Amino acid sequence: MTFYSQPERLTSDELLSDIDYFKDMEQLKIAFNASNVIAFIINSYRQIVFVNTIFLKILGLDNGTLIYGKRPGEALGCLHSNENIYGCGKSSACKNCNIINIILEAINTKKEAYGEVALTQNIKGYLNTLNMFGKVVPFATKNDFFYIVTLNDISDTVRRRILERSFFHDFINSASAIEGLLEILKENVPDAIRNEMEFIEKSFDDMIKDINYQKILLEAEDNDISLNKVILFSKEVIDSTVKLIEYHYVAKNKIIKIDDNTINQQFKNDSVLIKRILINMLKNALESSNKKVITIGCDKNIEGYIRFWVNNKMYMPEYVQCKIFQRSFSTKGKGRGLGTYSMKLLGEKYLGGKINFDTDEQNGTTFYFTLPYID
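The sequence shown lines up with residues 15 to 389 when you count with the working numbering.
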């Protein structure tokens, strides 16, 4: 029989020696039990010799006696851990198990290893999948190597990702069908209601753009975003952005003025994300100000960089200034607060720019988006 990992285990006396070595280490117990994730120590044979209270609580145990000597899959009730007499690591499915893979990586390299892991439990005939983030850290003691294993349950996060992707996929498919129907209707619409039809079409298009932007934002938070960099011109970007928002409800009874000194510098970046950040800058200014005019422009303040900016004449209070880029903070009510947060996330982490602002009683508030124009 060929095994994915070694089948050997320590003798009972050898295992007991390892367990006894750790069981009286009070500082180790305190440190492990302070953690809110599953944490345990294994030997070089992948046998558990020490566990924290969270792990015991999840398993419904008072102490580690029943799981000492077991391997991780056996302790966690993995579906494949009892397929043969050799246990965890010995079935044909084990070569695709990331828990085993990161443990073996740490054992073989004597360096920490980590990654997302999944394990299917068989609980009284009911199959349950655990999605976790695992980390294995080697350390030398007792003339041997041992390994700290931590498993953080991310099942809710993984389920959220799946539901989000399913939602966006289904929504965009449905939206495409409606978009096609609108195109057909537009060709036959009476002149008397053509303006209304164009308004419906534009509103629907704006809604799709907002949904796609939300999808991009969630991908950015999961570090799963890809950029499409193209040649752009700063003045043209501003012109098209203003056209996108000037009929939005937040712009009602207000004027968006493009500064006369705005430059038209060529640069290379992701057009969709640049425009969405500028739209958020404009929306933030329009919603925050009771003044009629909002001004947008672009200049060069540092060699090699262009700086987009949006100004409104309202001063930003200090309590807002210190929280403005927090994910959930908003002065506009519950469920808001993604605009400035997303500007910072996308503008700095992915587009290589800098988002900042200044505010005073005389000049109001100006948000800046600085980007390199030499790529």
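From the three backbone atoms N, C-alpha and C, an ideal C-beta is built for every residue, glycine too.
This one's a predicted model, so the numbers in the text were calculated from it and none came from an experiment.
Subject >> Cα-Cα separation, Tyr261 to Asn377 >> reply: Taking the first residue of the sequence shown as 1, we reach residue 261 at position 247. Taking the first residue of the sequence shown as 1, we reach residue 377 at position 363. If I take the Cα positions, the gap works out to 26 Å.
**OP:** Express the C-alpha separation of Phe69 and Tyr333 in angstroms, rounding to a whole number.
**Re:** Here residue 333 corresponds to residue number 319 of the sequence shown, with the count starting at 1. Here residue 69 corresponds to residue number 55 of the sequence shown, with the count starting at 1. Inter-residue distance for Tyr333 and Phe69 is about 42 Å (C-alpha atoms, whole angstroms).
Subject >> Segments assigned beta strand (DSSP E), at least 3 residues, entirely inside the region 102-166 >> reply: DSSP runs (the beta strand (DSSP E)) wholly in the region 102-166: 127-137 and 140-155.
Original post:
Which first and last residues belong to the alpha helix (DSSP H) in which Gln335 is found?
Top reply: Along the sequence shown, one-based indexing puts residue 335 at 321. Run containing Gln335: Glu332 to Gln335, per the alpha helix (DSSP H) assignment.
Subject >> Rounded separation between Gly349 and Gln41 - CA only >> reply: One-based indexing of the sequence shown puts residue 349 at position 335. One-based indexing of the sequence shown puts residue 41 at position 27. A caution first: Gly349 carries a pLDDT of 45, below 50, which makes its placement in the model unreliable, though a value can still be read off. Inter-residue distance for Gly349 and Gln41 is about 43 Å (C-alpha atoms, whole angstroms).
**OP:** Could you check what DSSP says for Ala48 in three-state terms: helix, strand or coil?
**Re:** Residue mapping note: residue 48 aligns to position 34 of the sequence shown, counting from 1. Reduced to three states, the DSSP call for Ala48 is coil.
Subject >> Residues near Lys271 by beta carbon distance below 8 Å, same chain, minus five either side >> reply: In the sequence shown, counting from the first residue as 1, residue 271 sits at position 257. If we look at Lys271 and ignore the five residues flanking it on each side, its Cβ neighbours are Val307, Ile308, Thr309 and Ile310.
Original post:
Heavy atom of the ligand PLP less than 8 Å from the Cβ of Lys337, yes or no?
Top reply: Among the components of this structure there are no ligands whatsoever, and the ligand PLP is therefore not found.
Original post:
Rounded to a whole number of angstroms, what is the C-alpha to C-alpha distance between Glu130 and Met330?
Top reply: Walking along the sequence shown from the start, residue 130 turns up at place 116. Walking along the sequence shown from the start, residue 330 turns up at place 316. Spanning the alpha carbons of Glu130 and Met330 requires a straight line of approximately 42 Å.
Subject >> The alpha helix (DSSP H) enclosing Gly87, as first and last residue numbers >> reply: By one-based count along the sequence shown, residue 87 stands at place 73. Looking at the DSSP string, the run of the alpha helix (DSSP H) that includes Gly87 is Pro86 to Leu90.
Subject >> Distance, Ala206 Cα to Thr171 Cα >> reply: Locating residue 171 in the sequence shown gives position 157, counting from the first residue. Locating residue 206 in the sequence shown gives position 192, counting from the first residue. Cα to Cα, Thr171 sits roughly 50 Å from Ala206.
Original post:
Would you report the Cα separation of Thr255 and Ile288, rounded to the nearest angstrom?
Top reply: Translated into positions along the sequence shown, residue 255 becomes position 241. Translated into positions along the sequence shown, residue 288 becomes position 274. Spanning the two alpha carbons is a distance of roughly 9 Å.
Original post:
If you run the structure through DSSP and keep just helix, strand and coil, what is Ile269?
Top reply: Counting from one through the sequence shown, the residue named residue 269 turns up at place 255. Ile269: strand per DSSP, three-state reduction.
Original post:
From this set, Asp184, Ser302 and Glu317, which residue's C-alpha is nearest Ile338's C-alpha?
Top reply: Counting from one through the sequence shown, the residue named residue 338 turns up at place 324. Ile338 has its Cα closest to that of Ser302, out of Asp184, Ser302 and Glu317.
Subject >> Assigned secondary structure, Arg179 (DSSP; H/G/I helix, E/B strand, else coil) >> reply: For this step, residue 179 is matched to residue 165 along the sequence shown. Looking at Arg179 - three-state DSSP - the assignment turns out to be helix.
Original post:
Can you check whether the CB of Asp313 is closer than 9 Å to the CB of Thr276?
Top reply: Sequence index remark: in the sequence shown, residue 276 carries index 262 (1-based). Sequence index remark: in the sequence shown, residue 313 carries index 299 (1-based). Cβ distance < 9 Å, so Thr276 and Asp313 count as in contact.
Original post:
DSSP beta-bridge partners for Asp307?
Top reply: Against the sequence shown, residue 307 aligns to sequence position 293. Just to set this straight, residue 307 is Val in the shown sequence, not Asp. Paired residues: Ile269.
Original post:
Short check: CB of Gly353 to CB of Asn294, under 9 Å?
Top reply: Position 339 of the sequence shown, counting from 1, holds the residue named residue 353. Position 280 of the sequence shown, counting from 1, holds the residue named residue 294. Yes; because the gap between Cβ atoms is below 9 Å, this pair is in contact.
Original post:
Closest by CA to Tyr128, which one among Lys138, Ile137 and Ile114?
Top reply: Mapped onto the sequence shown, residue 128 falls at position 114. With respect to the C-alpha of Tyr128, the residue from Lys138, Ile137 and Ile114 having the closest C-alpha is Ile114.
Original post:
By a C-beta neighbour count over all protein chains shown, 10 Å radius and 16 as the cutoff for buried, is Tyr263 buried or exposed?
Top reply: Reading the sequence shown from its first residue, position 249 is the one you call residue 263. By the neighbour-count rule (16 or more Cβ atoms within 10 Å), Tyr263 is not buried but exposed.
Subject >> Assigned exposure category for Ile291 - 16 Cβ within 10 Å defines buried >> reply: Numbered from 1 along the sequence shown, position 277 holds the residue referred to as residue 291. Taking all protein chains shown into account, Ile291 has 16 or more neighbouring C-beta atoms within 10 Å of its C-beta and is therefore buried.
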